[in-house]
Amino acid sequence: MQAYLNTFKPTPTDGVDTATSFAQSDTESLISDLLLVLKDPSDIKLDRNAHARWAYTALMQGLPGRYTSQDASQPWLIYWALQTLTCLGVQLDPASKQRAIDTLIANQHPDGGFGGGPGQIPHLLPTYASVCALAIVGRPGEKGGWDQINRGKMHEFFMRMKQPDGSFVVNKDAEVDVRGTYCLLVSATLLDILTPELVRGTAEFLRSCQTYEGGFASSSHPYYSAEDEELQVMSEIRPTLGEAHGGYTSCAIASWMLLQPYHKPGDPEVNIKKLVRWAAGMQGLPIEGGGFRGRSNKLVDGCYSWWIGGLEPLLLELLGLGNQEGETEVVSFVTEESDNENGPIVLFDKTALQRFTLVSSQVPSGGLRDKPGKNPDLYHTAYNLAGYSTAQHRVYRSLVTEKKLLESWKPSKGPISGADDEIRRVTWARACAWQEDEGAHFYLGGEQNRVNATHPLFNLTISTTRAMMNHFYQQGSH
């Protein structure tokens, strides 16, 4: 620990004081002050009970008045609370689950998809939150939530959102956003409504969002030709809209992975080397606690523990290093005493990330926060814990498990005409083949700090993901 503290050096400046440099200095002071009083890392505890009580109270008894502005995010608030509890290993009683199911189904729009609240127009983002929340608390059968999802109407809604360049607007007459693409692909994958027509051109759109830094922006210029009577999309010179950002990058890469069953040899790829370089550079210095920032020259923020820290399993997969069974050439955990100069590849300092979560993000009264000095909220609680989970566990796509799943596939008919049955089979097997390497975990502060492993594509537990997909792909239990 002392060796780690000896590396506390402020971020260099160019000698010109600005509001940004002051904010950076203040953040470094707040975080380093908490770390400097830490004598022994084994003393750090995850206050599981406080966080569980906090999330349960928010879910079942209501939220403070400051949440009024999030009236159109009701499914998100439910999902964040439920995923927090699931990550902490807390199960709701049947009555509470049914209450959540009924609330979520009430947000389903008759024309397909889910709105942010009862009577609100359908939107891709609350559709994802609703589907994932129902994955956690729902079940098959009457009033179970799963079979009340109108998958046919949802596919129609998704097709209405599709744009000529393969992107999607998030709701009618709204903006294109790669986060909407991710929300659509997750929902369609879980519910078995992914079709070739739905994703035509989407991989090309995702590639066009990669910036010169290596991360991904929210969108790109579609470059429609104004000379033709019919809308045409030019294939080249599509500048990105905005800078590389952790949230957009996470959604773009997870979307890219979800589209792999449609990927053909010779198809263009994303620039993985630039992506890895950018992502690794987003982890903060020791004086920043080893947390992640979402953009270059911004402050560290606990939510990026997931948006960037949670990318590690996907980056290893793209590098071809992620799916070794048992022993792996990649070391995911590094401590101050580790000697990795000539050793295996290390993408992130996961020990530092666990320490950042435990020391800088926890609030004693419950919940987790952006950084010291901020209040806890459901969003930061859920994504702090998701990133913390990735820092504890090695989760990988097992080729052995995938082969077994492919061989065990029971032919079934999907709900949408035009779906490719072989791609359905591969989609189900690839998504369900992700698993935890039980021998590769590391819990800073001891096993009492363990949280459940999360699926890097969906941010659900692996068992939750498999249960919902087995149901909708009609595969029974595996």
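Those letters in the sequence shown? Residues 47 to 524, by our numbering.
Backbone N, C-alpha and C fix where the C-beta goes; we use that ideal spot for every residue, glycine too.
A quick note: this is a predicted structure, and the numbers were derived from the prediction, not measured.
In terms of residues, what are the limits of the alpha helix (DSSP H) holding tyrosine 442?
Where tyrosine 442 is concerned, there is no enclosing alpha helix (DSSP H), although the beta strand (DSSP E) it sits in stretches over 441–443.
Taking C-alpha atoms, which residue in Lys199, Leu365, Leu105, Pro110 lies nearest to alanine 428?
Leu105
Endpoints, alpha helix (DSSP H) assigned at tryptophan 100:
94–107
If distances are taken between C-alpha atoms only, which option among Ser233, Leu138, Met515, Thr73 comes closest to proline 172?
In terms of Cα proximity to proline 172, the closest of Ser233, Leu138, Met515, Thr73 is Ser233.
Best match in Ala326, Ser78, Ile333 for proximity to arginine 341 [C-alpha to C-alpha]:
Ala326
Could you check the C-alpha separation between glutamine 494 and isoleucine 90 for me, to the nearest Å?
10 Å
With a floor of 4 residues, list each alpha helix (DSSP H) that falls wholly inside the region 116–158, ordered by position along the chain.
As far as the region 116–158 is concerned, its whole alpha helix (DSSP H) runs of at least 4 residues are 120–133, 140–151.
If you run the structure through DSSP and keep just helix, strand and coil, what is glycine 363?
Per the sequence shown, the amino acid found at residue 363 is glutamate instead of glycine. For glutamate 363, the three-state secondary structure derived from DSSP is helix.
In terms of DSSP beta bridges, what is glycine 191 paired with?
According to DSSP, glycine 191 bridges with Arg185.
Which residue or residues does DSSP assign as beta-bridge partners of threonine 286?
Ser266
Three CB pairs or more closer than 8 Å across the region 439–454 and the region 133–144:
no
Would you kindly work out how many angstroms separate the C-alpha atoms of glycine 335 and tyrosine 308, rounded to a whole number?
The alpha-carbon separation between glycine 335 and tyrosine 308 amounts to approximately 40 Å.
For isoleucine 354 and methionine 328, what's the separation of their Cα atoms in angstroms?
8 Å
If we ignore side chains and look at the alpha-carbon of each, how far apart do glutamine 400 and glutamate 315 end up?
32 Å
Just the C-alpha distance for proline 390 and glutamine 194, rounded to the nearest angstrom, thanks.
Note that proline 390 has pLDDT 45, beneath the 50 cutoff, so the model's placement of it is unreliable and no number is given.
Please state the DSSP three-state secondary structure of tryptophan 480.
DSSP, reduced to helix, strand and coil, places tryptophan 480 within a strand of the structure shown.
Excluding the 5 residues flanking phenylalanine 160 on each side, which residues of the same chain have their C-beta closer than 7 Å to its C-beta?
Pro121, Asn153, Gln154, Pro168, Pro172, Thr173, Ser176
Given this structure, state the Cα-to-Cα distance separating glutamate 363 from aspartate 483, to the nearest angstrom.
Between glutamate 363 and aspartate 483, the C-alpha separation is close to 14 Å.
DSSP three-state label for lysine 319, please.
Helix, per DSSP.
Asparagine 388 classed as buried or exposed, judged by whether at least 16 other C-beta atoms fall within 10 angstroms
Because the pLDDT at asparagine 388 is just 47, under 50, the model does not fix this residue reliably, and the point stays unresolved.
Quick check: the Cα distance between cysteine 255 and leucine 305, rounded to an integer number of angstroms?
16 Å
Look at serine 78 and isoleucine 299 and say whether their C-beta atoms are less than 8 Å apart.
no
Threonine 53 in three-state terms, based on DSSP:
coil
Taking only the alpha-carbon atoms, compute the straight-line gap between glutamine 17 and tyrosine 102 and give it to the nearest angstrom.
Since the displayed the chain opens at 47 and closes at 524, residue 17 lies outside it and no answer follows.
Continuous alpha helix (DSSP H) stretch holding lysine 218: start and end:
Taken as a continuous stretch (DSSP letters only), lysine 218 belongs to no alpha helix (DSSP H), as it is neither H nor E.
Return the residue from the list Gly187, Gly190, Pro242 that minimises the CA-CA distance to methionine 205.
Pro242
Hey, is threonine 436's beta-carbon within less than 8 Å of any beta-carbon in chain D?
Absent here is chain D; the protein component of the structure consists of one chain.
Would you identify the three-state DSSP class for glutamine 329, choosing helix, strand or coil?
In the structure shown, glutamine 329 adopts extended strand secondary structure according to DSSP, grouped into three states.
Let me know the secondary structure DSSP gives lysine 456 once reduced to three states.
Here lysine 456 sits in coil by DSSP.
Considering only C-alpha positions, which residue in the set Asp238, Ala486, Leu404 is nearest to tryptophan 525?
For residue 525 there is no data in the structure shown, the boundaries of the chain being 47 and 524.
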